[in-house]
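Take a look at the structure set out below.
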Amino acid sequence: MAGQFITEVNDANFERDVLQSTEPVLVDFWAAWCGPCRALAPVVDEVATHYQGKLKVMKMDVDSNTATPMRYGIRGIPALLIFKDGKVAEQIVGFVPKDTIDKSVNKVLA
């Protein structure tokens, strides 16, 4: 389900790959059965391509990984969390247009 510039992340490597990252990381919390998640996937692919080299984009399957979504209070998916310096800088829940994601990403990158 991950695109060319998107990496899968899980509970085991979340600390290293997201929280200890030197660049901001957008994490897409999703599930295979979630229609809005599948609809958002091409938008997330576009974001990953557009911000390549400035922003890491990762996906986490909430069915296979329960500890991390619980830790960050993920109750609805799709949920996009943007991490900077190991902390949540922006949070977007639900299916949104690309410009909504761009605004949040640009705020974090500024």
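First residue of the sequence shown: 1, per full-length UniProt numbering; consecutive thereafter. All C-beta atoms in this analysis are idealised placements derived from N, C-alpha and C, irrespective of residue type, glycine included.
For residue i, tell me which candidate among the options has the shortest Cα-Cα distance.
i     : options                        : result
Val43 : Asn13, Ile6, Leu109 and Val108 : Ile6
Just the Cα atoms here: how many angstroms apart are residue i and residue j?
i     : j     : result
Ser64 : Val9  : 11 Å
Val18 : Trp33 : 25 Å
Gly94 : Pro78 : 5 Å
Ala39 : Glu46 : 13 Å
Met58 : Ala41 : 11 Å
Pro36 : Glu23 : 27 Å
Met1  : Phe29 : Low confidence applies to Met1: its pLDDT is 48, below 50, so where it sits in the model is not reliable, and the reading given next is rough at best. One C-alpha to the other measures close to 12 Å.
Glu15 : Val25 : 12 Å
Leu55 : Lys87 : 15 Å
Is residue i buried or exposed, if buried means 16 or more other CB atoms sit within 10 Å of its CB?
i     : result
Ala12 : exposed
Met60 : buried
Pro69 : buried
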